[in-house]
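Everything below concerns the one structure shown next.
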Amino acid sequence: MRSSSDRPARWRKSSYSNAEGGSCVEIDDANPGRVRDSKDPNGPALAFTPSAWNTFVTAVRTGEFGNV
1 MRSSSDRPAR
11 WRKSSYSNAE
21 GGSCVEIDDA
31 NPGRVRDSKD
41 PNGPALAFTP
51 SAWNTFVTAV
61 RTGEFGNV
C-alpha cells in the first residue's frame, strides 16, 4: 500500500543475491524500509518504518542474528 509520501520505487538487488536465484532480495532506495523478493517483482513488498528498518539493518551488520 502506498501513502501520499511514497516516491516511485527504485529497486536495487542486494549484493548478497546471486545469478542462480538464491537469496534474491531487493530494497527500494526511494522508500527506505520497503523490501521484496526479486524473483517475484510483481508480488507483494514488505514495508517497515524507517526507524524499524534502520534497527534491523544495524542488527544484521553487528551480527545480532548470527552469520546471515
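Letter by letter, the sequence shown follows residues 1 to 68 in the numbering used here. Each residue gets a CB set at the ideal place from its N, CA and C atoms; glycine is no exception.
Name the residue from the options whose alpha carbon lies nearest to the alpha carbon of residue i.
i, options, result
"D29", "S14, E64 and G66", "S14"
"K39", "P50, F48, V57 and I27", "I27"
"P32", "W11, P41 and G43", "W11"
"V25", "T55, A9, A45 and P8", "A45"
Please state the DSSP three-state secondary structure of residue i.
i, result
"R61", "helix"
"A47", "strand"
Looking at the secondary structure, which residues open and close the beta strand (DSSP E) in which residue i lies?
i, result
"D28", "V25 to D28"
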